[in-house]
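Just so you know, the protein sequences line up as chains Y and X, in that order. Just so we're aligned: the first sequence equals residues 1 to 636 in this note's numbering. Just so we're aligned: the second sequence equals residues 1001 to 1103 in this note's numbering. Every residue, glycine too, gets a C-beta built ideally from N, C-alpha and C.
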Amino acid sequence: MEPKLFAAIPVIILLPAIGGKRWGDRFAAVVTNAAVFSSFGVSLYAWWYLRNDVEGMVYLYKLYPFLKTDLLNIGLDFRFDRLSAVMCLVVTGVSSLIHLYSTGYMKGDRSYARFFSHLNMFVFFMLLLVLGANLVVMFAGWEGVGLSSYLLIGFWYEDMEKAVAGKKAFVVNRIGDFGFLLGMLMLLMYNHGSVDFFALERFANSGMPPVANELNMTVICLLLFLGAVGKSAQIPLYVWLPDAMAGPTPVSALIHAATMVTAGVYMVARLSFLFVHAPIAMAVVAGVGATTALFAATIGLAQTDIKKVLAYSTVSLFGYMFLAVGAGAFASGMFHLTTHAFFKACLFLGAGSVIHALHHQQDIRRMGGLARKMPVTHITFLISTLAIAGIPPLSGFFSKDEILTSAFLASTPFPTAFKVFWAFGAAGAFLTAFYMMRLYWLTFRGTPRDAHAHEHAHESPWSMGTALVLLAAAATVAGVLGLPGEGHLFSKWLAPVVGKYTLEPHHASHLLHWALIGLSVAIGAAGLIAGWLIYRSGPDGVAARIAASTGPMYRLVAGKYFIDELYGLIVVRPLKAVAAFSYKVVDKIFIDLLGVNVPAWAVKGIGVLPRMFHDGNLRTYMLAVVVGVLCLWVVL
Amino acid sequence: MMSATPLSWYLLLSFAIFSIGLLGLLIRRNLVVMLMAMELMLNGANLALVAYARFRGDEAGQVMAFFVMALAAAEAAIGLALVLAIYKHFKTLDVDRISRLNG
């Protein structure tokens, strides 16, 4: 189908590029909010237009031929199709609500305008990533969101710990970005200098030699997946995300839960036509996803910082999305991405509301009993907790259940492995429900454990409440988009983009389907009940006894498996040793001493004699002139 | 109206004035005095120019003397301005103490 030109696309992207860090507070808030809300409006318009167009229509906007040589053909092109439309709506929609929320949350901050200008810069780059029509534009957005994320994690840069967290996120992401870059360069090489998605799709379906060679495709896909692992915080590069919680809470909600971290899943779905040609890479994607889902969920069990729990939960839930796309169920992955954006943003904003009310108290052991003080936050948090735990009819149930079913029934050369991945996912689902119940109960129910903070707690302003309510509403009803079976609007919508590449799951009887659904619900409910039983008496009752009785294991989990320490030992320390060597030997001795100082000393030594003539005394110079003239006179 | 005074007398006087100026420039340490000494040197040269012009009947030397005078006036104006600026900066006019160029 011939793509159509569509002029609204650059408007969507460029609107959020408005911002200024020296603006006045009120002006900055109004302008940036208006920019993002308008961008959402234009996205809705474009979506509506696309919906009423021929099925599978793609809108292209070729802004500028960026590189056009014999070897390379890369344009600054944007592409609005059914997949990018979904991402576009999620990004602009959630950002609009989070912008609204931030006007309340950041009130009184010294750098209010800077916050909004950086937040808008992030939205701009995210839209560039989502709407790019080739890998290069996507990569530009990919790097841009990394930069914005760095700036916003270290937003309160006077605090050394926060500045360091920003740096960690940036450096860890670089590793992934390197993989992305290498994968892209390989594609450029094989595909005659074009990485346009149309060209790539044709190339992937052509069955030409480089494609037929499965090893090449596997290498390319794994390199690209390394990029996704970095951006979407999967094992082994997930370590930056929990530390990224140092940023302001709206940032955690927007960048580190709802949008930027989805880039990896989006990329795999976007390049589904490549990944289906590499079954091994697909299995790796699913395996990494399933392992991360379980692994991060166990860490989430023992965290005491409200935002850290949610951070590990995010890591874990992105594992599910990769499990889905790895199983070839791209639409399911995107569906979970969408519902997750709603309920996780809502959870983070709820956590932000609590932190705001308790004057930056983030330790759930010091909370408790906030339900009556903060009714709106409480109800929305509860809804999102139930959604993430997978309780029907909330959205999380539909999306997560779908992923587990598709993993169980995946048509793949490695069916046994996928059964194991399914078991990981199911276990992770139980743990998710458990730690979310723990988080909810310790925060909102029970008796207040910090009487003073509880006394002063207050419900947040309307701007924050509105965002919470709207997100909770979205988290409640979004499941309608993905009713199992024929009514699955979401996968129907995406069918023209990823439908061809979706691996049809093995046929299963109705009974098995219903059994899997029932099992999901039972797992979620069991997790919630277990959490309630253990934590209803606060952190010191049954919970403390269990923690004590499992001593070393509890410490291992609470210490996050000491992965950070391990990386410190095997990566950071050798690097520091190399740096110290470079500094003390290469720089100090070879460059400073032999390269610079010794020649300087030599020149200085040679200069000792001539320097004696230059004593700076005018009369000496004068005498020299006279003597010189006399000499000349005598000679001549 | 040729004068009885021979050329060599003029030249001797010119040489004496020039030498006094040169010695002053070499020996004195005050910048203002050095400027005055320089003025003497210029005038010594002028005298020689005029004397030669007179004795050789060539008016070019006279013209040259006028140029030297104009130049001396300009030199005095700029030189004194510089002296003033130097004084403001260093609070002294002693050239031995103004020796920033000392290697």
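Chain Y residues whose Cβ lies nearer than 9 angstroms to that of residue i
{"i": "Arg1056/X", "result": "Those within 9 angstroms of Arg1056/X in chain Y number zero; the least Cβ separation is about 22 angstroms."}
Assumed close pair residue i, residue j - CB separation to whole angstroms, cut-off 8 angstroms
{"i": "Phe414/Y", "j": "Ala283/Y", "result": "5 angstroms"}
{"i": "Phe342/Y", "j": "Ala474/Y", "result": "4 angstroms"}
{"i": "Gly350/Y", "j": "Phe430/Y", "result": "No, Gly350/Y and Phe430/Y are not in contact; Cβ-Cβ is about 23 angstroms, not under 8 angstroms."}
{"i": "Ile255/Y", "j": "Leu127/Y", "result": "13 angstroms between Cβ atoms; not a contact."}
{"i": "Ala34/Y", "j": "Ala113/Y", "result": "No, Ala34/Y and Ala113/Y are not in contact; Cβ-Cβ is about 14 angstroms, not under 8 angstroms."}
{"i": "Thr466/Y", "j": "Val354/Y", "result": "About 17 angstroms; that fails the 8 angstroms criterion."}
{"i": "Phe1015/X", "j": "Met1041/X", "result": "Phe1015/X to Met1041/X, Cβ: 11 angstroms. No contact."}
{"i": "Leu323/Y", "j": "Ala297/Y", "result": "Going by Cβ atoms, the distance from Leu323/Y to Ala297/Y rounds to 13 angstroms, so no, they are not a contact pair."}
Under 8 angstroms by beta carbon: chain Y residues contacting residue i
{"i": "Val1095/X", "result": "Asn617, Leu618 and Arg619"}
Option in the options with minimal Cα separation from residue i
{"i": "Val420/Y", "options": "Pro279/Y, Asn216/Y and Leu404/Y", "result": "Leu404/Y"}
{"i": "Pro393/Y", "options": "Ala281/Y, Gly207/Y, Gln361/Y and Leu483/Y", "result": "Leu483/Y"}
{"i": "Gly531/Y", "options": "Asp564/Y, Leu512/Y and Tyr440/Y", "result": "Tyr440/Y"}
{"i": "Ile388/Y", "options": "Ile379/Y, Lys400/Y and His378/Y", "result": "Lys400/Y"}
{"i": "Ile1078/X", "options": "Arg1100/X, Ser1014/X, Leu1035/X and Gly1044/X", "result": "Leu1035/X"}
{"i": "Phe40/Y", "options": "Ala451/Y, Ala246/Y and Phe124/Y", "result": "Phe124/Y"}
{"i": "Thr339/Y", "options": "Val90/Y, Pro599/Y and Arg26/Y", "result": "Val90/Y"}
{"i": "Tyr190/Y", "options": "Asn173/Y, Gly75/Y, Trp601/Y and Asn213/Y", "result": "Asn213/Y"}
{"i": "His277/Y", "options": "Ala293/Y, Leu200/Y and Val261/Y", "result": "Leu200/Y"}
{"i": "Ala1004/X", "options": "Asp1094/X, Arg1054/X, Ile1086/X and Ser1099/X", "result": "Arg1054/X"}
{"i": "Leu468/Y", "options": "Asp540/Y, Gly352/Y and Thr412/Y", "result": "Gly352/Y"}
{"i": "Val1032/X", "options": "Tyr1087/X, Ile1017/X, Ala1016/X and Ile1020/X", "result": "Tyr1087/X"}
{"i": "Ala155/Y", "options": "Ser43/Y, Lys68/Y, Lys21/Y and Tyr49/Y", "result": "Residue 155/Y is actually Phe in this sequence, not Ala. Among Ser43/Y, Lys68/Y, Lys21/Y and Tyr49/Y, the Cα nearest to that of Phe155/Y belongs to Lys21/Y."}
{"i": "Ser460/Y", "options": "Trp514/Y, Phe397/Y and Pro375/Y", "result": "Pro375/Y"}
{"i": "Ala543/Y", "options": "Thr550/Y, Ile529/Y, Ser411/Y and Ile534/Y", "result": "Ile534/Y"}
{"i": "Ser1099/X", "options": "Ser206/Y, Tyr621/Y, Met160/Y and Leu294/Y", "result": "Tyr621/Y"}
Contact set between residue i and chain Y, taken where Cβ atoms lie within less than 7 angstroms
{"i": "Ser1014/X", "result": "The premise fails here: Ser1014/X is roughly 16 angstroms from chain Y at the closest Cβ pair, so nothing lies under 7 angstroms."}
{"i": "Ser1099/X", "result": "Asp615, Gly616 and Asn617"}
{"i": "Leu1022/X", "result": "Val626"}
DSSP three-state assignment for residue i, whether helix, strand or coil
{"i": "Tyr238/Y", "result": "coil"}
{"i": "Asn617/Y", "result": "coil"}
{"i": "Leu63/Y", "result": "strand"}
{"i": "Asp363/Y", "result": "strand"}
{"i": "Ile591/Y", "result": "helix"}
{"i": "Arg536/Y", "result": "coil"}
{"i": "Val1083/X", "result": "helix"}
{"i": "Arg438/Y", "result": "helix"}
{"i": "Ile391/Y", "result": "coil"}
{"i": "Lys68/Y", "result": "strand"}
{"i": "Asp177/Y", "result": "helix"}
{"i": "Leu358/Y", "result": "coil"}
{"i": "Arg1097/X", "result": "coil"}
{"i": "Leu1013/X", "result": "helix"}
{"i": "Phe115/Y", "result": "helix"}
{"i": "Phe6/Y", "result": "coil"}
{"i": "Gly482/Y", "result": "helix"}
{"i": "Asp77/Y", "result": "strand"}
Under 7 angstroms by beta carbon: chain X residues contacting residue i
{"i": "Leu623/Y", "result": "Leu1026"}
Rounded C-alpha distance that separates residue i from residue j
{"i": "Tyr567/Y", "j": "Gly230/Y", "result": "15 angstroms"}
{"i": "Ala8/Y", "j": "Ala253/Y", "result": "28 angstroms"}
{"i": "Ser95/Y", "j": "Leu519/Y", "result": "35 angstroms"}
{"i": "Val1063/X", "j": "Gly605/Y", "result": "53 angstroms"}
{"i": "Asp177/Y", "j": "Glu158/Y", "result": "28 angstroms"}
{"i": "Asn1046/X", "j": "Ala1065/X", "result": "5 angstroms"}
{"i": "Ala290/Y", "j": "Asp70/Y", "result": "43 angstroms"}
{"i": "Ala495/Y", "j": "Ala327/Y", "result": "16 angstroms"}
{"i": "Met1/Y", "j": "Val58/Y", "result": "At Met1/Y, the pLDDT of 45 sits below 50, so the modelled position is not reliable; the number obtained from the coordinates is stated separately. Distance between the alpha carbons of Met1/Y and Val58/Y is about 8 angstroms."}
{"i": "Gln303/Y", "j": "Val309/Y", "result": "6 angstroms"}
{"i": "Leu481/Y", "j": "Leu317/Y", "result": "19 angstroms"}
{"i": "Ala331/Y", "j": "Gly193/Y", "result": "29 angstroms"}
{"i": "Trp462/Y", "j": "Ala269/Y", "result": "37 angstroms"}
{"i": "His456/Y", "j": "Met367/Y", "result": "12 angstroms"}
{"i": "Ser638/Y", "j": "Arg445/Y", "result": "In the structure displayed, chain Y extends from 1 to 636; residue 638/Y sits before or after that span and is not available."}
{"i": "Tyr45/Y", "j": "Arg26/Y", "result": "28 angstroms"}
{"i": "Leu14/Y", "j": "Leu386/Y", "result": "37 angstroms"}
{"i": "Phe562/Y", "j": "Trp240/Y", "result": "14 angstroms"}
{"i": "Met1001/X", "j": "Arg619/Y", "result": "A caution first: Met1001/X carries a pLDDT of 47, below 50, which makes its placement in the model unreliable, though a value can still be read off. One C-alpha to the other measures close to 45 angstroms."}
{"i": "Ala357/Y", "j": "Leu97/Y", "result": "19 angstroms"}
{"i": "Val265/Y", "j": "His336/Y", "result": "10 angstroms"}
Residue i CB to nearest heavy atom of the ligand FMN below 6 angstroms
{"i": "Ile388/Y", "result": "With respect to the ligand FMN, the structure shown offers nothing to examine, as it has no ligands at all."}
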